[in-house]
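Its first residue numbered 3, the sequence shown is counted upward by one per residue in the numbering used here.
All C-beta atoms in this analysis are idealised placements derived from N, C-alpha and C, irrespective of residue type, glycine included.
Computed from a predicted structure; not experimentally measured.
These notes are about the structure you will find just below.
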Amino acid sequence: MLAWILEHRFAWGALLLFVVAFSLFVFLSNSSTFADPDSFYHIKLAENIAQGSITKEFRWLPFTTLAEHYTDQHFLYHVFLAPFVKYLGPFTGAKLATTLTASLLIVVFAYVMRNMGMKYPLLWGFLLLTILPFVFRINLAKAPGFSLLILFIGLLCAWKRWHVPLAIVSFVYAWSYGGFILLTFFVIWLSVLRLGTRWVSERMWLARANKRVHISWGIFFKRLFTQPDMYVVYAAILGTVLGVVVSPFFPQNLGYLNDQLIQIGIINYRNIIDVGNEWYPQQLIQLVANTILLTLLAVGAIVWGAIHLKRMTVRTWFLFSLFVFSLLFSLKSQRYVEYYVPLGIAFVASAYSDILTHTNLRKVFSKIFSGRSMRVTISLYAFVIYVIIGVCVVIPRDLMAVRSGLATGFPYLKTRNAALWLKNNTPENSIVVHSDWDEFPYLFMWDDHNRFVCGLDPTFLYRQSPDVYWAWVHFSRGETTENIPEIVTKQLQSNHVLVEKDHEKLLDIMKDEKDFAEVYEDDEASIFEYQGPEL
């Protein structure tokens, strides 16, 4: 029995890792709120799928680019979510699906580390649970955990040169996440590193052998494009292209991908318009402080790598480059910490595996505990003390902060009564003016009878209808005090204005407008209806 357990110790360790992760994530997300309003949007689309309907057109935001070329960029995530919300209810189902996906991601990460040849793979999985910005991101009822799970499976397929599985994963990724091009980019870069390393090794061997080989460009390119490492590139590209072309949203997805991937994800308009908090940059010192354990381990790995460049494997160089890439993007937009942390841990795992391969631990510990290396001994004890303090004090404190962050958000029934009033008292497809763009997901959740001005990301509205965008922004901020009836009924084409209670300036303006009557009010919002003369 003991021999059987030892033989399958990774499986037992993975099961333990899953149980710990699942228990931790249940504790963190045990609240009746969502930290991000987009969760309501995901639930609504999953409900539609559960009812047998795929949302191919998005009439609910008529002034935005989504009205012209909408794509459900998280389609397979919504398919995955559908049975949860159908059988467990929208909120319990979404929470359970999120917790399950995040827990599986941790285990899959450890599995990938093991199959890429890292030592102590379960340790790196447990380490992920201590990097709290990452824990927070994957516990949002959104697609990050689901998409990262697919991404790491794809990286494993590329590393192992599993061509057919990689093509399938690339296809699935294209149907699951708007940033699916990342996997293809990473696969191409891995192949470049492998081919480049092999080319350098051959040139060095020829130089030592004092030989010269003349190869025509035709033969060179033939050899290049028939290399085994190029087949993974072909597989990734094939899967990605098929994922785009065979999509139920083709060809509208081409325009949408330009909006979401390039305009929002890369270019971003945060210096022109207000966008979601996750798209704003963060300072390097803040990122370092929030991921201090990863930072310390990464610095140690980089120092060792700089000293022993020739001992760094292709695997470590590859993961180091992805680590730097994700670091730069995390400084550009803080949401990319969901890539920075696992790719950083993967780099650390690879680097320290290289270190352990070239280090006799018995001699090292013998030297340390014999007292002959005082600096190393002090450093080791200091690190152990730091880890103990971190485990006993800092990590529990930060976990409570994550729990508080996940609980401080949007209640399940946010503006439900106001939205239902609109649904029951307005003509179908009426446009409703609302007081902020992040209100759209939960209004949409409860009222798919009407249409709205701005939602999901202000960029969609700004790029399609800049005049409408600025008219709505100045109005919703309470900066417009004149010609309110004309702005609402003519420019925004609406007869109803919903104002949440925290928009006090706009609320006061609307209460003073004699042509608008307050037809609904509760603790969360007021609804005003235009009852003046026809303009």
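Check whether residue i and residue j have beta carbons under 8 Å apart
i, j, result
"H505", "V434", "no"
"G538", "G267", "Nothing about residue 538 can be read from this structure; the chain reaches only from 3 to 537."
"L185", "S172", "yes"
"L158", "M118", "yes"
"A539", "V109", "No answer is possible for residue 539: the residues shown for the chain start at 3 and end at 537."
"Q262", "Q75", "yes"
"F251", "K46", "no"
"W281", "R337", "yes"
"S105", "S149", "no"
"F454", "W62", "yes"
"A112", "G95", "no"
"M512", "A351", "no"
"Y471", "P460", "yes"
"L509", "S528", "yes"
"N270", "S328", "no"
"T483", "I489", "no"
"Q466", "T67", "yes"
"L1", "Y79", "Missing from the structure shown is residue 1; the chain here goes from 3 to 537 and no further."
"T103", "G147", "yes"
"P123", "V343", "no"
"E536", "V521", "no"
"F60", "A69", "yes"
"L131", "A23", "yes"
"I486", "E515", "yes"
"T359", "E526", "no"
"A237", "H165", "yes"
"I347", "L296", "yes"
"L345", "F331", "no"
"V246", "N260", "no"
"D440", "K425", "no"
Alpha helix (DSSP H) segment containing residue i, residue limits
i, result
"A421", "R418 to N427"
"K97", "P92 to N117"
"D469", "P468 to S478"
"V243", "P230 to V247"
"A16", "R11 to L30"
"F446", "F442 to W448"
"N292", "L286 to N292"
"F128", "P123 to L130"
"G257", "Q254 to L259"
Integer-rounded CB distance, given that residue j should sit under 8 Å from residue i
i, j, result
"L538", "V404", "No answer is possible for residue 538: the residues shown for the chain start at 3 and end at 537."
"V501", "S437", "5 Å"
"L192", "F349", "The pair is not a contact, with the Cβ atoms about 14 Å apart (cut-off 8 Å)."
"A160", "V189", "5 Å"
"L142", "A37", "6 Å"
"T35", "F446", "With a Cβ gap of about 18 Å, T35 and F446 do not count as contacting."
"L289", "L333", "7 Å"
"F138", "G407", "6 Å"
"F20", "T101", "That pair is no contact at about 11 Å."
"R313", "D356", "6 Å"
"Y258", "T73", "4 Å"
"F65", "L463", "6 Å"
"D231", "R196", "5 Å"
"I133", "T293", "5 Å"
DSSP beta-bridge partners of residue i
i, result
"A527", "E502"
"R412", "It should be noted that the sequence gives Phe, not Arg, for residue 412. Partner(s): F36."
"H436", "L500"
"E520", "F530"
"R453", "I433"
Test: residue i CB closer than 8 Å to a CB of chain B
i, result
"F29", "No chain B is part of this structure, which consists of one protein chain only."
Quick one: complete alpha helix (DSSP H) runs, 4+ long, within the stretch 137–195? Qualifying alpha helix (DSSP H) stretches, in chain order: 146–162 and 165–176.
Runs of beta strand (DSSP E) lying entirely within the stretch 309–350, each at least 3 residues, in chain order: Counting whole runs of 3 or more residues, the stretch 309–350 contains no beta strand (DSSP E) stretch at all.
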